Amino acid sequence: MLAAFTLASCTMTGNGVLPSPSPPETPISSPVDPPSPSAGEPTDDVFVPEDFDWGEFPPKSFENLKDLADPVFPETVLTYTLESSSPSSSLSIGSYVDPAAVATMQASVYSSPFIYKTIVEGLVGPEYHGRPVCGRPESSPEQVTCVMIGQLGVLSVVTPAPLPIEDVATFTEAIYDLL
1 MLAAFTLASC TMTGNGVLPS PSPPETPISS PVDPPSPSAG EPTDDVFVPE
51 DFDWGEFPPK SFENLKDLAD PVFPETVLTY TLESSSPSSS LSIGSYVDPA
101 AVATMQASVY SSPFIYKTIV EGLVGPEYHG RPVCGRPESS PEQVTCVMIG
151 QLGVLSVVTP APLPIEDVAT FTEAIYDLL
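1 is the number of the first residue of the sequence shown in the UniProt record's numbering; add one for each residue after it.
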C-alpha cells in the first residue's frame, strides 16, 4: 500500500520528494534570567570580607580598609624614596630604596583580595607583626614578605635582601597608611 503525502509536508530534492521533518513535540524554551535579589540580600558580585576563608591568618580588622583600587605610590615612605613605579589594572608595583641603609622594598598592590590567602600560605612561619602578616617566602627564605588587605585589593611588601621582619612590617604599615 502506498502512503499519501501532501506537498505541504514534503521537501523537494534532486532525487524526488521526501517528507519534511515534523516539529519537536515539546517547545524549546528560551533561557530565563534568574530572579533579582531583593533589597538587602547579598549578591554574588558583592565581596563581604567577613564571609571569606582567609586561612590561618585572617586580616586583623575589616574596619577602615584602604581603597587600593587605583594606588598612587607616595614619593617617600619613612626613609625610603620611590625609585620607580608601574601601575596596571591588576598589579601595581612601587620600588623603594633607602641609600643610607642600602636597602630596598618592593610594594605590590594586587587588584583582588583573594591573593591574600595564597601569599600567606606561601610563607614559612607567618606571624602577625602589628597589622600585617609577615614571613619568609618558601621559594626565597632570605627575603621577607608582609601582606595587608584593603578594599578589594592586597598590599604585599617584599625585600630582596635579608632585613629584620620588624623593619619590613613597619614599612608595610607606613605605606599602607599613605596609599
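Note that beta-carbon positions come from the ideal geometry of N, C-alpha and C, so glycine has one too. Quantities reported herein were computed from a predicted structural model and do not represent experimental measurements.
Determine, using beta carbons only, whether Val-77 and Ser-92 come nearer to each other than 8 Å.
no
State buried or exposed for Lys-60, treating a residue as buried only when at least 16 other CB atoms are found within 10 Å of its CB.
exposed
What does DSSP give as the partner residue(s) for Ile-149 in the beta ladder?
Val-154
By how many angstroms is the C-alpha of Phe-52 removed from the C-alpha of Ala-114?
In the sequence as displayed, the identity of residue 114 is Phe instead of Ala. Near 9 Å, if we compare the C-alpha coordinates of Phe-52 and Phe-114.
I need the DSSP call for Thr-104, collapsed to helix, strand or coil.
strand
At the level of alpha carbons, what is the spacing between Gly-135 and Pro-162?
12 Å
Would you mind stating whether Ala-69 and His-129 have Cβ atoms separated by less than 8 Å?
no
Nonlocal neighbours in the same chain, by C-beta distance under 8 Å from Pro-35, ignoring five residues either side
Any answer about Pro-35 is weak, because its pLDDT of 40 lies below 50 and its placement is not dependable; what the coordinates show is given next. Counting only Cβ-Cβ distances below 8 Å, and skipping sequence neighbours, we find nothing.
Considering Cα atoms alone, identify which of Gln-106, Cys-146, Arg-131, Leu-179 is closest to Gly-125.
Cys-146
From which residue to which residue does the beta strand (DSSP E) around Leu-91 run?
91 to 98
Pick from Val-72, Asp-177, Thr-172 that is closest to Gln-106, judged by C-alpha positions:
Thr-172
Short check: CB of Pro-96 to CB of Thr-104, under 8 Å?
Before going on, a small fix: residue 96 reads as Tyr here, not Pro. In contact: Tyr-96 and Thr-104 (Cβ atoms closer than 8 Å).
State the Cα-Cα distance for the pair Pro-164 and Val-144, rounded to the nearest angstrom.
8 Å
Beta carbon of Leu-178, beta carbon of Pro-87: below 8 Å?
no
In angstroms with no decimal places, state the Cα-to-Cα distance between Phe-57 and Ala-174.
20 Å
Would you identify the three-state DSSP class for Glu-142, choosing helix, strand or coil?
coil
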